[in-house]
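**Student:** Sharing a structure here in structure tokens format.
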Amino acid sequence: MHTLKTNVMNEQISKYRINEYLYNLNAWQYRKIVQLLPKLLGVSLNTFHNYRRILVDDVQDVPYEKVVIIEQLFDFAPGTLASRNPEARSLKELLH
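Residue numbering for the sequence shown follows the numbering used here, starting at 1 and increasing by one per position.
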């Protein structure tokens, strides 16, 4: 018997929610925004697409200034562009 494998195990998670936002647009909006965003960010189209492809476990990051701009353009709350945010204890907690 042949069993179907799901892609859930193979699914790669993006570090940033850029694609999540873009994929919720209609086709016209998507085309226009993908053309406009690199100009607003001051980066090339290739660099913008590289930002979209960064995976959660990659060491690459979008520069902080660009993250802030993208969050504002997407109307995201500050600090919510990342798919996962690292957690750390405060320095005061570490000293106790």
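Just so you know, even glycine gets a beta-carbon here, dropped at the ideal spot from N, CA and C. What you are looking at is a predicted structure, and each value in this text was computed from that prediction instead of being measured.
Name, in chain order, the residues that DSSP records as bridge partners for Y16.
**Tutor:** Its beta-bridge partners are A82.
**Student:** Quick one: any contact between the segment 37 to 44 and the segment 58 to 69, if contact means 3 or more CB pairs under 8 Å?
**Tutor:** The segment 37 to 44 is in contact with the segment 58 to 69.
**Student:** How close, in whole Å, do the beta carbons of Y23 and S83 come, if the pair is a contact with beta carbons under 8 Å?
**Tutor:** No, Y23 and S83 are not in contact; Cβ-Cβ is about 14 Å, not under 8 Å.
**Student:** I'd like to confirm the pairing. Which residues does DSSP put opposite L55 in its beta bridges?
**Tutor:** In DSSP, L55 forms a bridge with S14.
**Student:** Use the C-beta contact count for I18: other C-beta atoms within 10 angstroms, 16 or more gives buried, fewer gives exposed.
**Tutor:** Buried, by the Cβ-count rule.
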